[in-house]
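Chains as they are written, first to last, in UniProt numbering: chain F, 1 to 857; chain E, 1 to 134.
Beta carbons: idealized from backbone N, C-alpha and C, even for Gly.
Below is one structure; the comments refer to it alone.
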Amino acid sequence: MTRAPRDTSPLPAPSGPYPPTQAMLAEPVPDDLRRAQADRLRKVWETPKGWRYVKAVNNSEVGKWYCLTALVFMLLAGIMALLMRLQLAVPEHDLISADRFNQLFTMHGSAMMFLFAVPMFEAVSILLLPGLLGARDMPFPRLSAFGYWCFLIGGVFVIGSILFDVAPRSGWFMYPPLATQDEGPGSDIWLLGLSFIEVASIAAAVELIVGTLKCRPPGMRVNIMPLYAWYVLVVGGMILFAFPPLIAGDFLFELERSFNWPFFDPERGGDPMLWQHLFWIFGHPEVYIIFLPSIAIAAMIIPTVARRPIFGYSWIVLSAVGTGFLSFGLWVHHMFTTGLPSISLGFFSAASEAVVIPTGIQIFAFLATLMAGRVKMTLPMLWISGALAIFTMGGLTGVMLAMAPFDFQAHDTYFIVAHLHYTLFGGMVFPVIAGVYYFFPFFQKKLMSERLGRWSFWLVFSGFNLCFLPMHLTGLWGMPRRVYTYPTGLGWDGLNMISTLGAFVVAAGFVVFVWDLIRPKKDQPQIPRNPWEAGTLEWTHDVPEETWGVRSIPHVTSRYPLWDQPGMQDRMDAGRYYLPDAQEGKRETLVTSVIDAEPVQVQRVTGPTWITHLAAGFTGGAFILPTFHLYPPAMVCGALAVCCILYWLWTSTARPPEADSKDVGLGLTLPTYAAGSASVGWWAMWITMLGDATAFASLVFGFFFYWTAAPNFPPEGAAHAVALLVALAALGLAGSWALTLGARRLNRSGLVGAARLCLGLAPLAAAGGAAALIGSVWTLDPESHVYPAVLWALTIWITVHAGVGVIMQLYCLAGSLFGKLTPRYDADLWNVSLYWHFVVLAALVTCAVMGLAPGAL
Amino acid sequence: MTGDHPPRPEEDRAELAEEQASLFRITLAPVIWAAHFLVCYGLVAVTCAKGWDIDAVRLGLILFSAGALGGIGWIGLAAWRQWNLSATGDRVNRRGRPEDRHRFLGHAAFLLSIISAIGVIFVALPLILIGGCQ
């Protein structure tokens, strides 16, 4: 029965000297060895050629596709904006119908937010982060690729809908009842297509957080990591707490659209305000999720052009972390006119004013760095200056709008349109373009044109102000947003014409920029390796390009290693640092500790594959087919997607290594396998489940929101969940959790048979628990009132999670039977137990809400 | 905490071991802000919706705000000591030594406690300035 070896001795710890001494670093590598190492590395990290190129999962390739795709979506959304400006150029214009106009502004907002701004952060980070950290790749390259393909499929689906005249048309925030009662598939396309993209975003957030925490080069303690990494950490964390409420909202919204469950229908106890809360708990932090990583690009460019270290590193960390927190206390400032008590408005107004402080500190730290340095007005710096000017303007109108009485006046006018474009252009578009100019030599090994760049800047900058500055006045003079036309004689005619002209000047600027980006640059001479004379690790890249990321992973002791650690570049090139070789022919990168970046493990990373495409395609089917009410095929797609993901995990993650440890250079020997909190997979599970728990908390919030908002919730005489079955459900799911935990402990101590028994019983307990939970609400009619509907929604949530948990338990059982999971190599079982901790917590909360709340309320 | 003498290696290890595992300590003060914000908003929303005694709730929340400020002040003080500016005179902590990282985390936590205190004061102001639910 037990084919697996029963070796229960602990895995080896890292051994050998660390940190390396100067003498060790100075030891030369023989020339022939150096060449052989480079050849092996080159072969292992080779990008597939020809049509197989799309199989690539390397961050440098996926990152480029991701950026380009987001750029294309942005240009398409920009064309929609131009169409709207044409329609609004003159009063009573009939270029576009009202319905088409509604589709255009809804898609313009949705695409700019979901298909450009957030994915652009992920794209840029996937492209740059390994370079900034001197890592070979991200810890989960296939997850990045999977996320990208999901994004591409979902994005094409959503944006393509406008060509068939069925695009969503209720505004980018989809307020019910307008959006829930809208006929046609528009709202469903928005919901399902974008939920799909949100899942991809969370995947990227997991990847980026784990990358920043665990894949830094040895010695790069938290106080010397590049500021960009700090921002990635903060923004990744924000995504985990901001996106899940929207996913929960989407879940309820789609249940209402598809099955007529009345979550937002006041006639049956629902409340449209719940959607507004869930949407803006996501929507306001999202503005900062867009802004922070872009300003992080400024934090990389400014020290380079000022030729000095950033002024106030800790202050910028403060402002990133502080903004990250405070931005969660602002959401109601989008809801100032919904009739909430003025004292509640006061809290949000106060928090909205408070967030200005960290944001301002950030800008002042940049200005101080520039003042103290010797600034060279390079092209990236030109765009950064434009960003600071425009963002400050947007920030100032933001301070005005944070005051509730002013907002009552300006709400839903063009003043808001002007404000939000000033913050987003200044806070996101300008810094990202600056980043493209700055990092282009890093990822394309070519330079963009100085002359075209200046043309593009002045066109975009002047066009932008021409377009949006007058809108402040248009708005104050009373022109509402989202109207497809307006009568003449209200004083809006001239201002609108100016805005339209400005919009086309911006478009001309983008044409110049895009041409500069894509024009062939074959004749350009080879660029210098560090064209801006920057101090951070990404500029140790190889010119001409090598796909191995870094030739060897350096030991870093400074914030600006290229300025402060002379000789580092040569040592890296000579392979005198860590992991200079790939003897086993496997892709590897170094995993280090979270705070002090001490080397702890060699992580095997995955290579080119088709499985990610299949998985993304089926996931796409599972999300997209329900839009057309094709539920059975959608379920088949979902099942196939699960199969693909299981195959991918089984064949290439957490496999027992051929040797327990390996020499990584400089006398250091590191383990090749880790389980529990030492492994990157465990961190990924922990982070994913944090987001999942947030979505669950949003559902529970919904339950109590109904109780607060409605005079009778639960309604008098309503049927409740059957208490006995609820108790059984709690018992069954808790039992499954305990058995999983027991399996992990027994397996560790070598009792493989007992562990397998536990893993065999755990799914039965889980299935029994889930069945009892469904049974407890079986007789309730979710269409009749929001109370049974919300009980059903919680039941579905827990059942689906238990189902996934069962698949995981069976996966571990299979792993144990086929020798993938042994007492020594038990990472899968650790991750599954961690998952079950979260499931049991959610299940017990659900059972408490269903069983106890009716009596207590 | 680190005294005037240069830290000995063993002392370093004992002192720094506690923060090896976690970055979360620098977020303690902002977490207090967030909890304070949630409690204020949630309690006031329920009070206004259910017609409870808003004046009593306001008084309770003002006292709670004072408590939150006290907590943040305590964290800030500990962080100030960890930063240890007066002894080292080093405001920047840009080098890659363990004590630099230790003091940097103190500095960051200290600054975050200031911003959190400002946040708590801001959010408490409506409790003082605005009388009732309407």
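Give the C-beta separation of residue i and residue j to the nearest angstrom, bearing in mind that I take them to be a contact with Cβ-Cβ under 8 Å.
| i | j | result |
| --- | --- | --- |
| residue 323(F) | residue 359(F) | 6 Å |
| residue 599(F) | residue 665(F) | The pair is not a contact, with the Cβ atoms about 10 Å apart (cut-off 8 Å). |
| residue 898(F) | residue 294(F) | The requested residue 898(F) is not part of the displayed model; chain F covers only 1 to 857. |
| residue 30(E) | residue 321(F) | 7 Å |
| residue 934(F) | residue 242(F) | Coverage of chain F is limited to positions 1 through 857, which leaves residue 934(F) absent and any answer about it impossible. |
| residue 411(F) | residue 347(F) | So it is not a contact: roughly 18 Å between Cβ atoms. |
| residue 863(F) | residue 562(F) | Beyond the ends of chain F as shown, which are 1 and 857, falls residue 863(F); an answer cannot be given. |
| residue 702(F) | residue 178(F) | That belief does not hold up - the Cβ atoms of residue 702(F) and residue 178(F) are roughly 20 Å apart, past 8 Å. |
| residue 45(E) | residue 708(F) | 6 Å |
| residue 379(F) | residue 437(F) | 5 Å |
| residue 95(F) | residue 87(F) | 5 Å |
| residue 901(F) | residue 802(F) | Look at the range of chain F in this structure, 1 to 857, and you will see that residue 901(F) is not part of it. |
| residue 418(F) | residue 494(F) | No, residue 418(F) and residue 494(F) are not in contact; Cβ-Cβ is about 16 Å, not under 8 Å. |
| residue 798(F) | residue 740(F) | Going by Cβ atoms, the distance from residue 798(F) to residue 740(F) rounds to 16 Å, so no, they are not a contact pair. |
| residue 79(E) | residue 36(E) | Actually they do not touch by this definition, with Cβ atoms about 18 Å apart. |
Using DSSP bridges, identify the partner residues of residue i.
| i | result |
| --- | --- |
| residue 725(F) | Per DSSP, none; premise fails for residue 725(F). |
| residue 668(F) | 665(F) |
| residue 604(F) | 588(F) |
| residue 15(F) | 669(F) |
| residue 619(F) | Residue 619(F) is not bridged to any residue. |
| residue 413(F) | 480(F) |
| residue 578(F) | 553(F) |
In this structure, how does DSSP classify residue i when only helix, strand and coil are distinguished?
| i | result |
| --- | --- |
| residue 631(F) | helix |
| residue 663(F) | strand |
| residue 599(F) | strand |
| residue 593(F) | coil |
| residue 553(F) | strand |
| residue 1(E) | With a pLDDT of only 36 at residue 1(E), under the threshold of 50, the placement of this residue in the model should not be trusted; the figure read from the coordinates follows. Residue 1(E): coil per DSSP, three-state reduction. |
| residue 21(E) | Here the model assigns residue 21(E) a pLDDT of 47, short of 50, so the residue's position is not dependable, and the following value carries that caveat. Three-state result, residue 21(E): coil. |
| residue 825(F) | coil |
| residue 655(F) | coil |
| residue 59(F) | helix |
| residue 263(F) | coil |
| residue 778(F) | coil |
| residue 89(F) | coil |
| residue 256(F) | helix |
| residue 221(F) | coil |
| residue 807(F) | helix |
| residue 679(F) | coil |
| residue 132(E) | coil |
| residue 50(E) | helix |
- Jot down the residue ranges of each uninterrupted beta strand (DSSP E) in the segment 78-124 of chain E, minimum 3 residues, whole runs only, in chain order. DSSP runs (the beta strand (DSSP E)) wholly in the segment 78-124 of chain E: none.
- In the segment 475-499 of chain F, which residue ranges form an unbroken alpha helix (DSSP H) of at least 4 residues, counting only runs that do not cross its ends? Fully enclosed alpha helix (DSSP H) runs of 4 or longer: not present.
- Segment contact, 8 Å Cβ cut-off, at least three pairs: the segment 172-181 of chain F with the segment 248-262 of chain F: Short answer: they touch.
- Message: Pairs of beta-carbons, one from the segment 195-213 of chain F and one from the segment 517-532 of chain F, closer than 8 Å: are there three or more?
- Response: No, the segment 195-213 of chain F is not in contact with the segment 517-532 of chain F.
- Query: For the segment 101-119 of chain F against the segment 155-173 of chain F, are there 3 or more C-beta pairs whose distance is under 8 Å?
  - Reply: Counting C-beta pairs with one atom in each stretch, the segment 101-119 of chain F and the segment 155-173 of chain F have three or more that are closer than 8 Å, which means they touch.
- Message: As an exercise, report each continuous alpha helix (DSSP H) stretch of at least 4 residues that is fully enclosed by the segment 513-570 of chain F, in chain order.
- Response: Considered as a whole, the segment 513-570 of chain F harbours 561-564 as its complete alpha helix (DSSP H) runs of no fewer than 4 residues, in chain order.
- Query: Is it true that the segment 469-477 of chain F meets the segment 327-343 of chain F, where meeting means three or more beta-carbon pairs spaced less than 8 Å apart?
  - Reply: At 8 Å Cβ cutoff, the stretches do not touch.
- Which ranges would you report for the beta strand (DSSP E) in the segment 288-322 of chain F if only whole runs of at least 3 residues count? Counting only runs of 3 or more, we get nothing.
- Item | At least 3 beta-carbon pairs within less than 8 Å: the segment 286-305 of chain F vs the segment 209-218 of chain F | In short, these stretches do not touch, since the Cβ pair count stays below three.
- Do the segment 375-389 of chain F and the segment 416-432 of chain F make contact, defined as three or more Cβ pairs closer than 8 Å? Enough Cβ pairs lie closer than 8 Å, so yes.
- Using 8 Å as the Cβ pair cut-off and three pairs as the minimum, do the segment 128-144 of chain F and the segment 50-62 of chain F touch? Cβ pair count under 8 Å is three or more, so yes.
- Message: Between the segment 552-568 of chain F and the segment 300-313 of chain F, can you find at least three pairs of beta-carbon atoms closer than 8 Å?
- Response: Enough Cβ pairs lie closer than 8 Å, so yes.
- Message: Going residue by residue through the segment 366-423 of chain F, where are the continuous alpha helix (DSSP H) segments of at least 4 residues, counting only ones entirely within it?
- Response: Restricting attention to alpha helix (DSSP H) runs no shorter than 4 residues, the segment 366-423 of chain F encloses them at 379-401, 404-410, ordered along the chain.
- Message: Count Cβ pairs between the segment 492-500 of chain F and the segment 444-454 of chain F that sit closer than 8 Å; are there 3 or more?
- Response: Contact between the segment 492-500 of chain F and the segment 444-454 of chain F is absent, because fewer than three Cβ pairs lie under 8 Å.
- Query: If you scan the segment 132-174 of chain F from start to end, which runs of the alpha helix (DSSP H) of 4 or more residues do you find wholly inside it?
  - Reply: 141-160, all fully within the segment 132-174 of chain F.
- Is the segment 534-554 of chain F touching the segment 640-650 of chain F, taking contact as three or more C-beta pairs under 8 Å? The answer is no - the segment 640-650 of chain F does not touch the segment 534-554 of chain F, with fewer than three Cβ pairs under 8 Å.
- Query: In chain order, which alpha helix (DSSP H) runs of at least 4 residues are fully inside the segment 716-775 of chain F?
  - Reply: Fully enclosed alpha helix (DSSP H) runs of 4 or longer: 723-748.
- Message: Does the contact criterion of 3 or more C-beta pairs under 8 Å hold for the segment 82-91 of chain E versus the segment 45-57 of chain E?
- Response: Output reads no: the segment 45-57 of chain E does not touch the segment 82-91 of chain E.
- Evaluate contact between the segment 724-733 of chain F and the segment 837-851 of chain F, counting only Cβ atoms and requiring at least three cross-stretch pairs below 8 Å. Enough Cβ pairs lie closer than 8 Å, so yes.
- Query: Does the segment 65-80 of chain E touch the segment 108-120 of chain E, meaning 3 or more C-beta pairs lie closer than 8 Å?
  - Reply: They touch, by the three-pair rule.
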